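Here is the structure we will look at, set down as structure tokens.
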Amino acid sequence: MTNVLNKAINEKPVTTGMLLALMAATAYGSSQFLAKQIVTEIAPPSVVATVGLFSGFVVLMGLSIGNLPKDRKAPKKAVVFLILSGIASSAGVTFLYTALELAPVVIVAPVSSVTPLISLSLAHIFLPKMESITAKTWVGAILVVAGVSLITIGSHI
Amino acid sequence: MTQAIIFALLAALGWGTSAIFVRLGLQNLTATPGTAISLAVGTILIGIVAVTAHGPTAFNLNPNEFAWIVLLGVLNYVLGRYLNFNSVNLAGISRSAPLLASAPLVAVAMGILIGGETINSFILLGTLSIFGGVILVATGGGRG
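Just so you know, the sequences run in chain order A and B. Here the first sequence is numbered in the working numbering, starting from -6 and rising by one per residue. Here the second sequence is numbered in the working numbering, starting from 283 and rising by one per residue.
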């Protein structure tokens, strides 16, 4: 399996990368559908978020254990930023599961996908040297806002 | 339903804010331990919220229920991210971002085909508009 993947990466890296992107989208999309079933039938959103986050943590710790001595030397500032990231993203996960408990996936999934627009806007405000906003971004932003508005209207019909 | 849309937007705000801190934090640390730190903090924080809101008995899950939630965690935080990072690395952000933006379309398709959910023309148009908008945002953000 690993040999097949390595061969594909070496021979057609762009095609393989695009295939992996589609697989990632499938993983993310199906995880939202699965989350809907779990918060509806098994446990409350915060419990699902806790166990889900912990599972991800255990697997990733297993994968990164070899780098632990090197990573322990990372600046405290970097760790603080990642702690803040953990607070924000776990709040995001809990909000998503709460939304999925209240409404169908067909409404929650598209609305919660506006993240790139929010992160780019925040980056433009707080990290102006790292990100700039192009005309393409503005058109995208208008489409996203229009889409959220249409879904809000459609959810009341 | 409006409440659910507000929660979905708050979710996006949480992840959007998280991305800024990740960008700052990962300048001195690699992605895997960085994600592990982020997930550890999330587990503790949301765990406290869950115990406060529902009591420790809410975690009394049978092995089958527990396995489904573990599958959700691995699918999202490990497999999704692993494939995501590798796709960006191999194909570049301009090619992978539009494909990654199709994740909500997968969720919507599964909701309709497997979950038996229904969709009207407003929700369909809105979904396609967000899909197109996210592709433009993800591929149009220039670096200063």
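The beta-carbon is built from N, C-alpha and C at its ideal position, and this holds for glycine as well. Please read these numbers as outputs of a predicted model, since none were measured by experiment.
Does any C-beta atom of chain B lie closer than 8 Å to the C-beta of residue i?
i, result
"V52/A", "yes"
"P68/A", "yes"
"N60/A", "yes"
"K0/A", "no"
"I150/A", "yes"
Assuming residue i and residue j are in contact, meaning their beta carbons sit under 8 Å apart, how far apart are those beta carbons, in whole angstroms?
i, j, result
"V99/A", "V390/B", "5 Å"
"V323/B", "G79/A", "3 Å"
"S105/A", "A294/B", "5 Å"
"L95/A", "F289/B", "7 Å"
"G296/B", "G85/A", "3 Å"
"L387/B", "S24/A", "Their Cβ separation, rounded to whole angstroms, is 14 Å, which puts L387/B and S24/A out of contact at 8 Å."
"A385/B", "G22/A", "4 Å"
"A28/A", "L354/B", "6 Å"
"P103/A", "E399/B", "Going by Cβ atoms, the distance from P103/A to E399/B rounds to 13 Å, so no, they are not a contact pair."
"V331/B", "S39/A", "5 Å"
"I396/B", "F88/A", "With a Cβ gap of about 24 Å, I396/B and F88/A do not count as contacting."
"T284/B", "F47/A", "Rounded, the Cβ-Cβ distance is 32 Å, inconsistent with contact."
"V52/A", "Y90/A", "With 8 Å as the limit, V52/A and Y90/A do not qualify as a contact, their Cβ atoms being about 20 Å apart."
"A67/A", "L343/B", "Actually they are not in contact, since the Cβ atoms of A67/A and L343/B sit about 35 Å apart, beyond 8 Å."
"I146/A", "F404/B", "5 Å"
Can you give me the C-alpha to C-alpha distance between residue i and residue j, rounded to a whole angstrom?
i, j, result
"F341/B", "G415/B", "39 Å"
"T127/A", "A349/B", "44 Å"
"V419/B", "L365/B", "21 Å"
"I328/B", "A318/B", "15 Å"
"A36/A", "A286/B", "18 Å"
"G426/B", "T339/B", "At G426/B the pLDDT is 38, less than 50, meaning the model places this residue with poor confidence; the figure from the coordinates comes in the next sentence. Between G426/B and T339/B, the C-alpha separation is close to 51 Å."
"G393/B", "F303/B", "32 Å"
"I118/A", "S148/A", "32 Å"
"E34/A", "T334/B", "21 Å"
"A116/A", "S320/B", "19 Å"
"A313/B", "M11/A", "21 Å"
"W131/A", "P62/A", "44 Å"
"L406/B", "N60/A", "46 Å"
"L15/A", "P380/B", "9 Å"
"T421/B", "P109/A", "10 Å"
"L306/B", "I150/A", "43 Å"
"G55/A", "V360/B", "11 Å"
"R373/B", "G337/B", "For the record, residue 373/B in the displayed sequence is Ala; it is not Arg. Between A373/B and G337/B, the C-alpha separation is close to 46 Å."
"S112/A", "F74/A", "15 Å"
"A20/A", "I58/A", "25 Å"
"I135/A", "P345/B", "46 Å"
"L93/A", "I351/B", "15 Å"
"E4/A", "S369/B", "15 Å"
"G408/B", "G362/B", "25 Å"
"G298/B", "L308/B", "15 Å"
"T8/A", "G316/B", "28 Å"
"G133/A", "L143/A", "15 Å"
"S300/B", "V32/A", "23 Å"
Residues of chain B with CB closer than 7 Å to the CB of residue i, please, in chain order.
i, result
"V(-3)/A", "Neighbours of V(-3)/A on chain B: none; closest Cβ ~15 Å, over 7 Å."
Between residue i and chain A, is the shortest Cβ-Cβ distance under 8 Å, so that the two count as touching?
i, result
"G426/B", "Low per-residue confidence applies at G426/B: pLDDT is 38, beneath 50, and the placement is therefore not dependable, though the value from the model is reported in the following sentence. It does; some Cβ of chain A falls within 8 Å."
"L292/B", "yes"
Any beta-carbon of chain C closer than 8 Å to the one on residue i?
i, result
"M54/A", "Among the protein chains in the structure shown, which are A and B, there is no chain C."
Near-chain A residues of the region 316 to 344 of chain B (beta-carbon distance less than 7 Å), N- to C-terminal order:
Hits within the stretch, in order: G316, T317, A318, I319, S320, L321, A322, V323, G324, T325, L327, I328, G329, V331, A332, A335, H336, A340, F341, L343.
Under 8 Å, CB to CB, which of the residues in the region 25 to 44 of chain A have a partner in chain B?
Residues of the region 25 to 44 of chain A with a C-beta atom less than 8 Å from some C-beta of chain B are Q25, F26, L27, A28, K29, Q30, I31, I35, A36, P37, S39, V40, V41, A42, T43, V44, listed in chain order.
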